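Taking this note's numbering, the leading residue of the sequence shown gets 15, the next gets one more, and so forth.
Down below is the structure, laid out as structure tokens.
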Amino acid sequence: MRDLSTSYLGLPLRTPLIVGSCGLTNTVESIQSFAENGAGAVVLKSLFEEQIAAEFAHNLDQYQADYPEAFDYIRGYTRTSALDEYLDLIAAAKNAVDIPIIASINCLSAKEWMAFAASVQKAGAAAIELNISFLPSDPNLTCAAIEKQYFDIVHQVSDLISIPVALKMSPYAPALANLISRLSWTGKVAGFVLFNRHYRPDIALEQMQVTQADMFSTAGDMIEPLRWIALLSARIERDFAASTGVHDGSGLIKQILAGAAAVQVVSTLYKNGAGQLTRMLKELESWMNERGYERLADFRGALSHRPVGNPAAFERIQFMKQFGGMA
Ligand SMILES: Cc1cc2nc3c(=O)[nH]c(=O)nc-3n(C[C@H](O)[C@H](O)[C@H](O)COP(=O)(O)O)c2cc1C
Numbered sequence: 015m016r017d018l019s020t021s022y023l024g025l026p027l028r029t030p031l032i033v034g035s036c037g038l039t040n041t042v043e044s045i046q047s048f049a050e051n052g053a054g055a056v057v058l059k060s061l062f063e064e065q066i067a068a069e070f071a072h073n074l075d076q077y078q079a080d081y082p083e084a085f086d087y088i089r090g091y092t093r094t095s096a097l098d099e100y101l102d103l104i105a106a107a108k109n110a111v112d113i114p115i116i117a118s119i120n121c122l123s124a125k126e127w128m129a130f131a132a133s134v135q136k137a138g139a140a141a142i143e144l145n146i147s148f149l150p151s152d153p154n155l156t157c158a159a160i161e162k163q164y165f166d167i168v169h170q171v172s173d174l175i176s177i178p179v180a181l182k183m184s185p186y187a188p189a190l191a192n193l194i195s196r197l198s199w200t201g202k203v204a205g206f207v208l209f210n211r212h213y214r215p216d217i218a219l220e221q222m223q224v225t226q227a228d229m230f231s232t233a234g235d236m237i238e239p240l241r242w243i244a245l246l247s248a249r250i251e252r253d254f255a256a257s258t259g260v261h262d263g264s265g266l267i268k269q270i271l272a273g274a275a276a277v278q279v280v281s282t283l284y285k286n287g288a289g290q291l292t293r294m295l296k297e298l299e300s301w302m303n304e305r306g307y308e309r310l311a312d313f314r315g316a317l318s319h320r321p322v323g324n325p326a327a328f329e330r331i332q333f334m335k336q337f338g339g340m341a
């Protein structure tokens, strides 16, 4: 038996595999099944800022108390609301399993939804993952304006809660390395999840219609998180969790070699069921056995940007060598 434990956001995890935010973490039964199959933690499906704001607005005339207590006040008469169900799920899951339950909020602004973050903490969430996703498609939206939203959210939410905050980053975030670095200097972000996978459009040629592209990732998609975790984990003293395209044990091992403290999986669980966690952890363990590694720390980050001795390995973005001779 190898030691697969890790530390993520200051939380001790028994394994580095986290079930990422998605509909699969919506019930206590499925969370129990993930825990039985070796998950180190689960991230609940996101509540959306708009959802929270809509329920607050619905009760606006009675929303008089100052937050953070305001949500508890509202809670008294919105017993069946989605927010209430979310808090009940946190509390029930916390009772049912001995792994951390991480709440998730999909947000774009520092507005009244933040009162809800305090309730999430009260309900027993071990940490909160904020999914801040701007698609910078508006030509008038500047990098400075986008960055300000990140900082406003981080500063204000951390004034309301004491549990660790993780930021799930968009691959479209401006000047990614610099932004993550400056966010880490605030001292208010315990870790970064790279990356969120957005809804993706496609075009159906037969119907001449815009459709939804496959919502599940493929194993090849893990390369971008791999590159960025390798580039940043050795230079920024925060925990990094890989998310997107990790489908099997080899993907898990590669992300840890790049420097990930934890690895989130979603698509592979939709495709292969909760047992995939056990299979991935077995692969990790037998790989560690073959190489004589006792614990994750023995090889975590061994192939990140710094130790690899060839920074260009992760920084190269042109295919010069491969395509140079092609007609
Ligand atoms: C059906 C489905 C629902 C998802 N719901 C959420 C969500 O509520 N919040 C969130 O932050 N990410 C959500 N995601 C994104 C996943 O957490 C994850 O970042 C993404 O699927 C990439 O990981 P994967 O390659 O392991 O699937 C969802 C993904 C899928 C496939």
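Glycine included, C-beta positions come from ideal geometry on N, C-alpha and C.
Just so we're clear, the structure is a prediction, and the values are computed from it rather than from any experiment.
When the Cα atoms are used, E161 and L298 turn out to be separated by approximately 37 angstroms. Per the coordinates, the alpha-carbon of S264 lies some 12 angstroms from the alpha-carbon of V277.
For K285, the shortest C-beta to heavy atom distance toward ligand 1 is 7 angstroms or greater. Between T232 and the set P153, S257, T225 and A244, the nearest pair of CA atoms involves S257. Beta-bridge pairing by DSSP links G205 to A180 and D253.
The alpha-carbon of A316 is positioned some 49 angstroms away from that of Q221. With a 10 Å radius around the Cβ and a threshold of 16 neighbouring Cβ atoms, A132 comes out buried.
Annotated three-state conformation of C157 is helix, per DSSP. Distance check between D166 and each of L144, P150 and L149 places L144 closest, using alpha-carbon atoms only. Sequence-distant partners of C36 (beyond 5 residues in either direction) whose C-beta falls short of 7 angstroms from its own C-beta, in its chain, are K59 and V280. Between E63 and N120, the CB-CB gap stays under 8 angstroms. In this structure, the beta-carbon distance from R252 to S198 falls below 8 angstroms.
DSSP, read as helix, strand or coil, puts D112 in coil.
Set against 7 angstroms, the gap from the CB of S195 to the closest heavy atom of ligand 1 is not smaller. Judged by beta-carbon spacing, I175 lies beyond the 8 angstroms limit of I146, meaning their Cβ atoms are not closer than that value. For P239, the secondary structure class from DSSP, reduced to helix, strand or coil, is helix. DSSP, reduced to helix, strand and coil, places D17 within a strand of the structure shown. In this structure, ligand 1 has a non-hydrogen atom nearer than 7 angstroms to the beta-carbon of V280.
Comparing alpha carbon positions, the residue from G273, L295, L155 and P178 closest to A248 is G273.
The alpha-carbon separation between A191 and L246 amounts to approximately 7 angstroms.
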